[in-house]
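Engineer: What follows is a structure written as structure tokens; I'll ask about it next.
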Amino acid sequence: MTALNKIPVVKKWLFTLLIILLVGAAIVWYLFTLKHDDTATVKAQFTVEAVSFLKEFENDMNLANKKYADKMIAVNGTIAEIEMADTTANIKMSDTTNGAYIIFAFQQQHLPDAKTLKVGDKVSIKGVCSNGAFSSILETNYVTFNRCAINK
Amino acid sequence: MKKTVLFVALLVASGYVFAQKKTTTSAIIGFDATTSLDALPKAENKTVIASLDTKTGKLAFEASVKGFNFENPKMQEHFNGKGWMDSEQYPTASFTGSIINLAKVNFTKDGTYNVEVAGYLTMHGVKQPVESRAVITVKGAAINASSKFNIKLSDYSINGGAVAAGKVSKEPVINVTAVF
């Protein structure tokens, strides 16, 4: 007879329950404290040129969204505009032929890098593509990116 | 003939000079649905398109639902899922409306103006009337518009399990800020 068999049944159940509770608490703690990865450490799934990327959305918005939405993408292009505020520094690249644009919202820890950029700079920016859509306010297509970092 | 061409050219040019519609692509919408049971359902979208017509008082916002960034990736996944915003089917949320008491605002004079805004918020495929107080701050050439209000998720057919379980506020706070 093993030592485990000598433990009364109630104690075995309590021990099992304790293990289940500890595993459950660990899972809950993990899920509640989960954070997004630092974009600088994540490999891009696609590397694209800004204008040809915008053309893909112009040609077929649904197809482009299926291909790129929620993916980590590095976009190479020229900065057309910078919209800066205390807590944000959004960088824009655009297709000058039709006004379509890509806008990159930077991850908090990479905001200082974004604030060093200037209009006209050629740059590679990596981030998560939210999606592309048509703006009825601006009457043009746009693609938004979140959690961006300069692709070094 | 030359005079007519000149007149038309001046008319077009004056349209640009006196254009009253101001726009930004970096307005911010904050969404706070935290409860005592869960502090995670809180997000910000910093790439919201907004316009303000200083002549008519017309206001508009457009936000990509997937553009809301949560600190917790699992929460972001739930927010975009079918039980909540279903961003695959309803990728954008928008507001169109007007400043009701536009006469209170002098866009050529620095100052802070309290206004009332009314319009329609479309979200999750449902369009509902909304009214809110807002503050317009004019400082030099910059116009800052901000507003804070609550929405009822049930008004937009959002009744997922987390809402029913009290983990997500039934009436989240929406914070809107735009600098034109």
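Residue numbers (our numbering), protein chains in the order written: chain G, 1 to 152; chain Y, 1001 to 1180. For glycine and all other residues, C-beta sits at the position ideal for the given N, C-alpha and C. Note that the structure is a prediction, hence the values are computed from the model and not measured.
I'd like to check one pair, residue 42(G) with residue 77(G): are the Cβ atoms closer than 8 angstroms?
Structural biologist: In the first sequence, the residue the question calls residue 77(G) occupies position 77. In the first sequence, the residue the question calls residue 42(G) occupies position 42. No; because the gap between Cβ atoms is not below 8 angstroms, this pair is not in contact.
Engineer: With 8 angstroms set as the bound, which would you pick, yes or no: does the beta-carbon of residue 88(G) sit closer than that to a beta-carbon of chain Y?
Structural biologist: On the first sequence, position 88 is the one that residue 88(G) refers to. Yes, contact with chain Y.
Engineer: Which residue wins for smallest C-alpha separation from residue 1036(Y), given the options 1169(Y), 1174(Y), 1177(Y) and 1176(Y)?
Structural biologist: Within the second sequence, residue 1036(Y) is the residue found at index 36, counting from 1. The candidate whose alpha carbon is nearest that of residue 1036(Y) is 1169(Y).
Engineer: Enumerate, from N- to C-terminal direction, the unbroken beta strand (DSSP E) stretches of 3 or more residues contained entirely within the segment 37-125 of chain G.
Structural biologist: 46-49, 72-78, 81-84, 89-94 and 101-106
Engineer: Look at the alpha carbon of residue 1103(Y) and the alpha carbon of residue 138(G), and state the distance between them as a whole number of angstroms.
Structural biologist: One-based indexing of the second sequence puts residue 1103(Y) at position 103. One-based indexing of the first sequence puts residue 138(G) at position 138. Looking at the two C-alpha atoms, the distance is approximately 26 angstroms.
Engineer: Mind checking which residues open and close the beta strand (DSSP E) that includes residue 1179(Y)?
Structural biologist: Here residue 1179(Y) refers to the residue found at position 179 when the second sequence is read from its first residue. The continuous beta strand (DSSP E) containing residue 1179(Y) extends over residues 1173-1179.
Engineer: Does DSSP put residue 1044(Y) in a helix, a strand or coil?
Structural biologist: In the second sequence, residue 1044(Y) corresponds to position 44, counting from 1. Of the three classes helix, strand and coil, the one that applies to residue 1044(Y) here is strand, per DSSP.
Engineer: What's the C-alpha gap between residue 1152(Y) and residue 1073(Y)?
Structural biologist: The residue given as residue 1152(Y) occupies position 152 in the second sequence. The residue given as residue 1073(Y) occupies position 73 in the second sequence. Answer to the nearest angstrom: the Cα atoms are 24 angstroms apart.
Engineer: Strictly under 8 angstroms for the Cβ-Cβ distance: is residue 25(G) near chain Y by that measure?
Structural biologist: On the first sequence, position 25 is the one that residue 25(G) refers to. Taking Cβ atoms only, chain Y never reaches closer than 8 angstroms to residue 25(G), which makes this a no.
Engineer: With a cut-off of 8 angstroms, does the C-beta of residue 1146(Y) fall near any C-beta of chain G?
Structural biologist: The residue labelled residue 1146(Y) in the question sits at position 146 within the second sequence. So no, residue 1146(Y) is outside the interface.
Engineer: To the nearest angstrom, how far is it from the Cα of residue 1135(Y) to the Cα of residue 1161(Y)?
Structural biologist: To locate residue 1135(Y), count along the second sequence from 1; it is residue 135. To locate residue 1161(Y), count along the second sequence from 1; it is residue 161. The straight-line gap from Cα to Cα measures roughly 35 angstroms.
Engineer: What does residue 85(G) touch in chain Y if you count any residue whose Cβ is under 9 angstroms from its own?
Structural biologist: The sequence position of residue 85(G) within the first sequence is 85, counting from 1. 1026, 1028, 1046, 1177 and 1179, listed in chain order.
Engineer: What's the C-alpha gap between residue 1020(Y) and residue 1149(Y)?
Structural biologist: Counting from one through the second sequence, the residue named residue 1020(Y) turns up at place 20. Counting from one through the second sequence, the residue named residue 1149(Y) turns up at place 149. Approximately 26 angstroms between the Cα atoms of the pair.
Engineer: At a Cβ threshold of 8 angstroms, is residue 1172(Y) touching chain G?
Structural biologist: Locating residue 1172(Y) in the second sequence gives position 172, where the first residue counts as 1. With its beta carbon at least 8 angstroms from every one in chain G, residue 1172(Y) lies outside the interface.
Engineer: Tell me which same chain residues have a C-beta within less than 8 angstroms of the C-beta of residue 1016(Y), skipping the five on either side of it?
Structural biologist: Locating residue 1016(Y) in the second sequence gives position 16, where the first residue counts as 1. Its pLDDT being 45, under 50, residue 1016(Y) is placed unreliably in this model, and the value from its coordinates should be taken loosely. None.
Engineer: Give the DSSP bridge partners of residue 1133(Y), in chain order.
Structural biologist: As a first step, residue 1133(Y) must be located in the second sequence, where it is residue number 133. BP columns for residue 1133(Y) point to 1116(Y).
Engineer: Spell out a yes or no on whether the segment 82-99 of chain G and the segment 30-49 of chain G are touching, meaning 3 or more CB-CB pairs, one atom from each, closer than 8 angstroms.
Structural biologist: no
Engineer: Does the segment 1050-1063 of chain Y come into contact with the segment 1129-1146 of chain Y, if we say contact requires no fewer than three beta-carbon pairs (one atom in each stretch) closer than 8 angstroms?
Structural biologist: yes
Engineer: Can you find a C-beta in chain G that's less than 8 angstroms from the C-beta of residue 1055(Y)?
Structural biologist: Along the second sequence, read from residue 1 onward, the residue named residue 1055(Y) stands at position 55. Residue 1055(Y) does not count as touching chain G.
Engineer: If you compare alpha carbons, which of 1031(Y), 1023(Y) and 1032(Y) is closest to residue 1058(Y)?
Structural biologist: The count along the second sequence starts at 1 and reaches residue 1058(Y) at position 58. Of the listed residues, the one whose Cα sits closest to residue 1058(Y) is 1023(Y).
Engineer: Express the C-alpha separation of residue 79(G) and residue 1176(Y) in angstroms, rounding to a whole number.
Structural biologist: Taking the first residue of the second sequence as position 1, residue 1176(Y) is located at position 176. Taking the first residue of the first sequence as position 1, residue 79(G) is located at position 79. Spanning the two alpha carbons is a distance of roughly 26 angstroms.
Engineer: Below 8 angstroms between beta carbons: does that hold for residue 128(G) and residue 70(G)?
Structural biologist: Here residue 128(G) refers to the residue found at position 128 of the first sequence. Here residue 70(G) refers to the residue found at position 70 of the first sequence. Going by C-beta atoms, residue 128(G) is nearer than 8 angstroms to residue 70(G).
Engineer: Looking at chain G, which residues of the segment 1056-1086 of chain Y have a Cβ within less than 7 angstroms of any of its Cβ atoms?
Structural biologist: Taking 7 angstroms as the Cβ-Cβ cut-off against chain G, the residues of the segment 1056-1086 of chain Y that qualify are 1060, 1062, 1064, 1066, 1067, 1069, 1071, 1072, 1073 and 1074.
Engineer: For chain Y, check one thing: does any of its Cβ atoms lie closer than 8 angstroms to the Cβ of residue 125(G)?
Structural biologist: For this step, residue 125(G) is matched to residue 125 along the first sequence. With respect to chain Y, the C-beta atom of residue 125(G) has no partner C-beta closer than 8 angstroms.
Engineer: On the three-state DSSP scale, how would you describe residue 1102(Y)?
Structural biologist: As a working mapping, residue 1102(Y) is identified with position 102 in the second sequence. Residue 1102(Y) falls in the helix class under three-state DSSP.
Engineer: What distance in whole Å lies between the Cβ atoms of residue 150(G) and residue 121(G), which are believed to be in contact at a cut-off of 8 angstroms?
Structural biologist: One-based indexing of the first sequence puts residue 121(G) at position 121. One-based indexing of the first sequence puts residue 150(G) at position 150. Residue 121(G) to residue 150(G), Cβ: 10 angstroms. No contact.
Engineer: From which residue to which residue does the beta strand (DSSP E) around residue 143(G) run?
Structural biologist: Indexing the first sequence from 1 puts residue 143(G) at position 143. From DSSP, the beta strand (DSSP E) with residue 143(G) extends over 140-150.
Engineer: Should residue 1062(Y) be labelled buried (16 or more other beta-carbon atoms within 10 Å of its own) or exposed?
Structural biologist: Along the second sequence, one-based indexing puts residue 1062(Y) at 62. The residue is buried, with at least 16 neighbouring Cβ atoms inside 10 Å.
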